[in-house]
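With our numbering as the guide, the letters of the sequence shown map in order to residues 269 to 763. Where is the CB? At the ideal position from N, CA and C, for every residue including glycine. This report concerns only the one structure given below.
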Amino acid sequence: MSIGADSEAIEEGRASADYHELRRRSSIRNQMQSLATVVCLLFIVYLFWTDLRRPDSSSSGLWVPLAWMFLAGSRWVSSWLNVAPRMASANDYAEGSPVDAAVFFALIVAGIVILARRKIDWPRLLLNNTWIVLYLLYCLASMTWSDEPTILMKRWVKDLGNPIMALVILTERRPYEAVGDVLRRLTFLLLPLSVLFIKYYPELGRDYHADGSPMFTGVGHQKNDLGLMCLMAGIYVFWELLQRRDNTHPTFIQQHKIIAVVVIGMLFWLLRMSDSQTSFVCLVAAVLLLLLGRIARRPATIFGVLLCAVVAWPLAEMANLKELDPTLTNRTVIWQVLGTFEVNPFVGVGYMSFWTGARLEEVWRLINPGLNQAHNGYLEQYLNLGYIGVAFIAVIVLSGLLRVRRHLNDDPAAGILRLCFIVSAVLYNYTEASFYGMNNMWMLLLLGCLEVPRQRQPRAVDVSPFKQQTVQGAAGVRYQQWPPRFHPKGHRGKM
């Protein structure tokens, strides 16, 4: 009896010691989480503080598209508040969250109010973007042959927020400076928060594939969201490094080199953790374009090299030069299954209507519950809008490229940025569907293709007590130079 009692006492002591050890480790982990959270938030506040102090920053209206793109690139409000409905059925997926619907509707209204207060030549704007306007009208008209016209209408209204937000950005006095401002501030938000989630909140920043293998998501829902964040941040960072070094205004990276090094380090670490081959290939293509734009100033040379790359791409496919999974992470299986569904080849089943009702449940039964896209933007367009929808995307891209070619002569830095957006969108949609909906790649394509009439308005910047100097902006807008250049007199001050 004494031996048994001693054994029980030993076991109880060990259990108690293990319990206290677990509590100690849990306490340390909680302290580290709290410290990391405070440091991360202070770092973000400091980044915004340094950015907003720049006298050449864009208007306060940019906060609306910034909020829109932040939610589109990370998690919707219902997910941040942990009140998102459980998507257990096709009906749940169709209904969505009323919280998210209210937030996005409020942002759309705010965007419309901002545009209404600006002096925009609307007839000329619509005429300049005829193909995009016709495409949006065609999407709306597809409700006449859709199985779910009510759902289509709600999704079309929400998707209308993308061109509205793009116009809010592009109708700034210096539009492509504004594009850079939005991308920079998205980088300040998405990258530090993703590092925080992955390192210190694994239950939020990590997830698992269907086969049980882990993946890193950051503040996104899955790894491709994290990859897209890195792609957008990478395009912005390398654009400033390679294309804007000779800009009249010192860029943020030039002014804050230490911060730039930290941001670039986070960018590459997160890109590696995301394991998103699509985003990596798109970023490499964008960097090569930026380098090409730095070396070859003539648009004919840039587009000649781009044409050669387009011709070489299928040859590289045939020669198996890409070291990727032959099934593209089971995407080819998805494409084969979706190809068995009957849709009208010319007009499809209606805008964003394929993934509804019985079709959605059948796809979930055949492939994987929760799947809601074809993982190929061109196939997705065919399923929803038929060959006409695919043709619209092709014409929008081609018209955007023609405008970029002209823009490269007037403003090489802005033109090459637009070209990076268009090329990235074309490549990205080979394995992801992003020609519609709440998707930042669709926003980038719109920013690259939309043509906005130039507005000539003086930039009012208080540079007193210094002498104000006016310079000609890349987009044709005259604004005040900052910092002002001094021309001291050739005499020495008294000792």
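#### Entry: Pick from V487, W632, V447 that is closest to S326, judged by C-alpha positions
Sequence index remark: in the sequence shown, residue 326 carries index 58 (1-based). It is V447 whose Cα lies nearest to the Cα of S326.
### Query
With distances taken from CA atoms, which of S365, A384, Y469, Q545 is nearest K422?
The residue you call residue 422 lines up with position 154 of the sequence shown. Residue S365 is the option with its Cα nearest to K422.
### Sequence-distant residues of its chain with Cβ nearer than 8 Å to D360 (five each side left out)
The count along the sequence shown starts at 1 and reaches residue 360 at position 92. If we look at D360 and ignore the five residues flanking it on each side, its Cβ neighbours are P353, R354.
#### Entry: Three-state secondary structure (DSSP) of D475
Along the sequence shown, one-based indexing puts residue 475 at 207. In this structure, D475 counts as strand in the three-state DSSP scheme.
### Message
Restricting to Cα atoms, I'd like to know which of A384, L634, V313, N677 is closest to M433.
### Response
One-based indexing of the sequence shown puts residue 433 at position 165. It is A384 whose Cα lies nearest to the Cα of M433.
### Task
Would you tell me roughly how many angstroms separate the C-alpha atoms of V631 and L606, rounded to the nearest one?
As a position in the sequence shown, residue 631 is number 363, starting the count at 1. As a position in the sequence shown, residue 606 is number 338, starting the count at 1. Taking the straight line from one Cα to the other gives about 8 Å.
#### Entry: Among C717, I527, D543, nearest to L496 - alpha-carbon criterion
Walking along the sequence shown from the start, residue 496 turns up at place 228. Of C717, I527, D543, the residue nearest in Cα terms is D543.
#### Entry: Closest Cα partner of P470 within the set L459, D479, V487, L457
The residue labelled residue 470 in the question sits at position 202 within the sequence shown. With distances taken between Cα atoms, P470 lies closest to V487.
### Message
On the criterion of 16 or more Cβ atoms from any shown chain inside 10 Å, does Y504 qualify as buried, or is it exposed?
### Response
Taking the first residue of the sequence shown as position 1, residue 504 is located at position 236. Y504 should be labelled buried.
#### Entry: Minimum C-alpha distance to R671 - residue among I312, L685, L309
Taking the sequence shown and counting its residues from 1, the one referred to as residue 671 is at position 403. Considering only alpha carbons, the answer is L685.
#### Entry: Cβ neighbours of L551 in the same chain (closer than 6 Å, five flanking residues each side left out)
Translated into positions along the sequence shown, residue 551 becomes position 283. L499, G502, listed in sequence order.
### Task
Evaluate the contact criterion for the region 676-693 versus the region 472-488: three or more CB pairs, one atom per stretch, below 8 Å.
no
### Task
Evaluate contact between the region 413-420 and the region 378-392, counting only Cβ atoms and requiring at least three cross-stretch pairs below 8 Å.
no
### Query
Run through DSSP, which three-state label would D730 get?
Reading the sequence shown from its first residue, position 462 is the one you call residue 730. Any answer about D730 is weak, because its pLDDT of 42 lies below 50 and its placement is not dependable; what the coordinates show is given next. D730: coil per DSSP, three-state reduction.
### Task
Going by CA-CA distance only, name the one from L653, H288, L535, G668 that's closest to F456.
Within the sequence shown, numbered from 1, the residue matching residue 456 stands at position 188. The shortest C-alpha separation from F456 is found at L535.
### Task
Would you mind working out which of N708, V720, C717 sits nearest L339, comparing C-alpha positions?
Here residue 339 is taken as the residue at index 71 of the sequence shown, counted from 1. That would be N708, whose Cα lies nearest to the Cα of L339.
### Query
Does the Cβ of K426 have 16 or more other Cβ atoms within 10 Å, making it buried, or fewer, making it exposed?
Taking the first residue of the sequence shown as position 1, residue 426 is located at position 158. Buried.
### Limits of the unbroken beta strand (DSSP E) element including P366
Within the sequence shown, numbered from 1, the residue matching residue 366 stands at position 98. From DSSP, P366 is part of no beta strand (DSSP E) but of the alpha helix (DSSP H) over 366-384.
### Query
In terms of residues, what are the limits of the beta strand (DSSP E) holding P482?
As a working mapping, residue 482 is identified with position 214 in the sequence shown. Run containing P482: 482-484, per the beta strand (DSSP E) assignment.
### Task
Have a look at E363, W331, V345 and flag the residue whose alpha-carbon is nearest the alpha-carbon of W623.
Here residue 623 corresponds to residue number 355 of the sequence shown, with the count starting at 1. Checked all of E363, W331, V345; the closest Cα to W623 is E363.
### Query
What do you get for F373, buried or exposed, if any count of 16 or more other CB atoms within 10 angstroms of its CB means buried?
Locating residue 373 in the sequence shown gives position 105, where the first residue counts as 1. F373 comes out exposed.
#### Entry: Three-state class that DSSP yields for I388 in the structure shown
Here residue 388 refers to the residue found at position 120 of the sequence shown. Coil at I388, not helix or strand.
### Query
How many angstroms separate the CA atom of G657 from the CA atom of M620?
In the sequence shown, the residue the question calls residue 657 occupies position 389. In the sequence shown, the residue the question calls residue 620 occupies position 352. Cα to Cα, the separation comes out at about 11 Å.
### Task
Work out the CA separation of T699 and V663 for me, nearest whole Å.
Here residue 663 refers to the residue found at position 395 when the sequence shown is read from its first residue. Here residue 699 refers to the residue found at position 431 when the sequence shown is read from its first residue. Cα to Cα, V663 sits roughly 20 Å from T699.
### Message
Using the three-state DSSP reduction, which class does P680 fall into: helix, strand or coil?
### Response
For the purposes of this step, residue 680 is taken as the residue at position 412 of the sequence shown. Here P680 sits in helix by DSSP.
### Task
State whether the region 674-685 contacts the region 433-445, with contact taken as three or more CB pairs (one from each stretch) at a distance under 8 Å.
yes
### Query
So, using beta-carbon positions, are F506 and R452 closer together than 8 Å?
As a working note, residue 506 is residue 238 in the sequence shown. As a working note, residue 452 is residue 184 in the sequence shown. Cβ atoms of F506 and R452: not closer than 8 Å.
### Query
Does DSSP put W413 in a helix, a strand or coil?
Within the sequence shown, residue 413 is the residue found at index 145, counting from 1. Note: W413 maps to coil in three-state DSSP.
### Task
Compare the C-alpha of G668 against each of D324, V313, R321, N396 and name the closest.
Position 400 of the sequence shown, counted from the start, is the residue given in the question as residue 668. Taking only the C-alpha atoms, the option nearest G668 is N396.
### Query
Can you tell which of M541, W537, A577 has its C-alpha closest to the C-alpha of A553?
Within the sequence shown, numbered from 1, the residue matching residue 553 stands at position 285. Minimum Cα distance to A553 is reached at A577.
### Query
Would L559 pass as a contact of I570 if the rule is Cβ separation under 8 Å?
Along the sequence shown, read from residue 1 onward, the residue named residue 559 stands at position 291. Along the sequence shown, read from residue 1 onward, the residue named residue 570 stands at position 302. Their beta carbons are not under 8 Å apart, which means L559 does not touch I570 by this criterion.
### Message
Does R292 pass the burial test, meaning 16 or more other C-beta atoms within 10 Å, or should it be called exposed?
### Response
Residue 292 sits at position 24 when you count from the first residue of the sequence shown. Classification for R292: exposed.
### Query
Exposed or buried, which one is H288 when buried takes at least 16 other CB atoms within 10 Å?
Sequence index remark: in the sequence shown, residue 288 carries index 20 (1-based). Exposed: under 16 other Cβ atoms inside 10 Å.
### Query
With DSSP run on the structure shown, which of helix, strand or coil describes Y704?
Along the sequence shown, read from residue 1 onward, the residue named residue 704 stands at position 436. Y704 falls in the coil class under three-state DSSP.
### Task
Measure the CB-CB distance between V306 and I382 and report whether it falls below 8 Å.
Numbered from 1 along the sequence shown, position 38 holds the residue referred to as residue 306. Numbered from 1 along the sequence shown, position 114 holds the residue referred to as residue 382. It is not a contact, given that the beta carbons lie outside the stated cut-off.
### Task
Can you have a look at T485 and say buried or exposed, based on whether 16 or more other CB atoms are within 10 angstroms of its CB?
Residue mapping note: residue 485 aligns to position 217 of the sequence shown, counting from 1. It counts as buried.
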